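Scroll down for the structure; my scribbles are underneath it.
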Amino acid sequence: MPTVTIDDRIVEVPAGTNLIEAGQRVGIQIPHYCWHPRLSVVGQCRMCMVEIEGMPKLQTACSTQVVKDGMVVRTKTPAVLEAQRAIMEFLLINHPLDCPICDQAGECALQDYGFKHGQAFSRFRYEEKRTYPEKERVPLGPHVLLNMNRCIHCTRCVRFTQEISGTGEIGFFQRGARKEIGVFPGRPLDNPLSANVVDICPVGALTSTRFRFAERVWYLDKKPSLCTGCDVGCNVTIEHRRGRIRRYKPRLNPEVNDHWLCDFGRTTAERYDELPRLLAPRIRKDGTERAVSWREALDTTTQRLRARSHEGPLAFLGSGFLSSEEAFLLAALADAVDSPHRAIWVDSGPARRIPNPRGWIEGRDAAPNRRGAELAGLVPGKGGIDASELLVGDAAARCSFLFVADSDFGRAAHDPKVVERLRGAQFLVVMGWADTPLARVADIALPVATHAEREGTFVNVEGRLQRFSPAFPPPSQVREALSVLGELLARFRPELAGRSIAEVFADMAAQRPAFAGRRWEAIPATGTVLESIARVAPAAEG
């Protein structure tokens, strides 16, 4: 591989690597607007100009590749700094400079580079600025608003719709100083990936209709996690303020979702605001609900599980929203009471396709972890009741005890007919974060954390095992499902009391072949493919 020296730092890179990427490898940030690692190179913002030894003029780093040994690059010479100041002056000539009211303030490249590479005064008279009257709040589609006065003509959005989504709704119109972006007549920006143009816009020209003016970004805490909208397993950053999720943004994972996130995935956190929260353990007796302590709720659940006068099956209904570790403990609890009746229910959803460097990943489950839950043991044993018999048939009415491990496992948890069928069990325990119609008819309701408040692993459609971590703690009376299931299981197998998630994962790896050889601490940031199911996973389509 060729070697290049950038500001006296030597780095070896693959032939064809451009200078921006080469600089990033040694911690040198070359400023840029139009370049993006997944879009074609156009070299039109000119912000990334650098000096290359042996070349008479400054060159754009985005379009200059390292092809041979010995290239010497300098990014801080007087000529480079002067070029950057000139570019910033040109970009700001017509810019409205409305940072105090701009929704992009705090994460705006123009704002950042203005401080780093610009100058504190303008030689241009304000009244002579070019403006786009009545084009400050133009809806390009249901998720994106355009403020043309802020646009710097980087064409990232244009190239995204042409090269990534393949839909081509956005284009350039007019010429010269009056040039502007917009959508073609009759073609609104409404593709499933449309909101990604907001993420890649380096200024405040494109903003999200859902997040616009919702929160100043510097107030947000940001934590890595996984999207729960489908079984693609997109990596996201949860951005929240004091435990209230404000938005999901895509987090780079070239093996899964790359830089992107679908519009549906961005909305999945809204369910936490739309549905009422289950905040304390609750027991229903003689038609009356009352809040109880965790000890009383778990003691009563244990007594019903231990009862010797069962006149019907003990059944356990899981969910594709459970982590693999939670599913493993639920299956172990079923084993502890000798019940083969354990299963999960996952709604089928429309196909969600996410592009990545290998092509596409397509998910069809409306939950993130059906495969992980099944591999962890949450499948019916010999003669066991499956989920459809509980939800569609009359199996629940034959059960002396039914444990539903997710109060919002799918649409059925809100369907009065299904709720009535499940309520037919002699004793119904529902665990979950949402106070759904199903939770409200349960004999015992156990409040547990959302995925943003707990940790665990999901297995995506390609068999990739990925970890997620809590973004913030749950409310005071709410516990993690892993803790609740672990305590219930410890009452039957005391040696399992107080197990950490790493220890539960180790038990799962020892007992479930699909997870064999994996260690909790060794799961990489991009996830690891479970070889036993990778061979049967759907192939990515180009």
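Note that this note's numbering has the sequence shown beginning at -10, numbered continuously upward.
The beta carbon of each residue, even a glycine, is placed where N, CA and C say it ideally should be.
Predicted, not measured: the structure shown is a model, and the values here were computed from it.
Query	Result
Stretch-stretch touch, CB-based, cutoff 8 Å, three pairs: the stretch 336 to 356 with the stretch 491 to 503	no
Contacting residues, own chain, Cβ-Cβ under 6 Å from R507 (five flanking each side not counted)	A498
Nonlocal neighbours in the same chain, by C-beta distance under 6 Å from R119, ignoring five residues either side	N83 and A166
Meets three-Cβ-pair contact criterion under 8 Å: the stretch 38 to 51 and the stretch -1 to 14	yes
F253, DSSP secondary structure in three states	helix
Between the CA atoms of P191 and A362 - distance to the nearest angstrom	40 Å
Outcome for L70 when other beta-carbon atoms lying within 10 angstroms are tallied against a minimum of 16	exposed
From R27, M38, L134 and C34, residue whose alpha carbon lies closest to that of R199	L134
H440, DSSP secondary structure in three states	helix
Beta-carbon proximity of V56 to E42, cut-off 8 Å	no
CB of S308 within 8 Å of CB of A394, strictly	yes
Residue range of the beta strand (DSSP E) that includes L195	L195 to S197
Continuous alpha helix (DSSP H) stretch holding P145: start and end	The question names Pro, but residue 145 is Arg in the sequence shown. It spans R145 to E152 - the alpha helix (DSSP H) in which R145 sits, taken as one unbroken run.
Endpoints, the alpha helix (DSSP H) within which Q73 is located	P67 to I82
With 16 other Cβ atoms within 10 Å as the buried cut-off, status of I561	Shown here, the chain extends from -10 to 531; a query on residue 561 therefore has no answer.
Reference R480; option with closest CA among S312, L411, R293 and S377	R293
Same chain, Cβ closer than 6 Å to G370, neighbours up to 5 away in sequence not counted	P329
For D275, the nearest candidate out of T291, T150 and D432 (CA to CA)	D432
Close-in-space but distant-in-sequence residues of the same chain around T439 (CB under 8 Å, 5 per side omitted)	Y261, W422 and P463
Beta-carbon gap between A304 and L379 smaller than 8 Å	yes
A503 and L519 closer than 8 Å at C-beta	yes
Alpha-carbon spacing of E409 relative to L427, whole angstroms	9 Å
Within 8 Å, strictly: CB atoms of N358 and L311	yes
Run of the beta strand (DSSP E) containing S308, from where it starts to where it stops	L303 to S308
Residues near L28 by beta carbon distance below 7 Å, same chain, minus five either side	R145, R148, F149 and E152
Among E78, F110, T156 and A286, the one whose alpha carbon lies nearest that of V473	A286
Alpha carbon of M420 to alpha carbon of T257, nearest angstrom	20 Å
8 Å CB neighbourhood of K65 in its chain, flanking five on each side removed	D(-4)
For A528, the three-state DSSP class (helix, strand or coil)	In this predicted model, A528 has a pLDDT of only 40, less than 50, meaning its place in the structure is not dependable; the value taken from the coordinates is given anyway. Correct three-state label for A528: coil.
For P237, the residue or residues it bridges with in DSSP	A small correction: the amino acid at residue 237 is Tyr; Pro does not occupy that position in the sequence shown. Y237 is bridged to I227.
For I512, the first and last residue of its enclosing beta strand (DSSP E)	Taken as a continuous stretch (DSSP letters only), I512 belongs to no beta strand (DSSP E), as it is neither H nor E.
C219 beta carbon less than 8 Å from that of G352	yes
For E123, three-class secondary structure by DSSP	coil
C-alpha distance - D375 paired with D383, whole-angstrom precision	11 Å
Inter-residue Cα distance where the pair is E85 and N138	First, the amino acid is wrong: residue 85 is Pro here, not Glu. Using only the alpha carbons, I get a separation of about 7 Å.
Length of the line joining the Cα atoms of F162 and L241	32 Å
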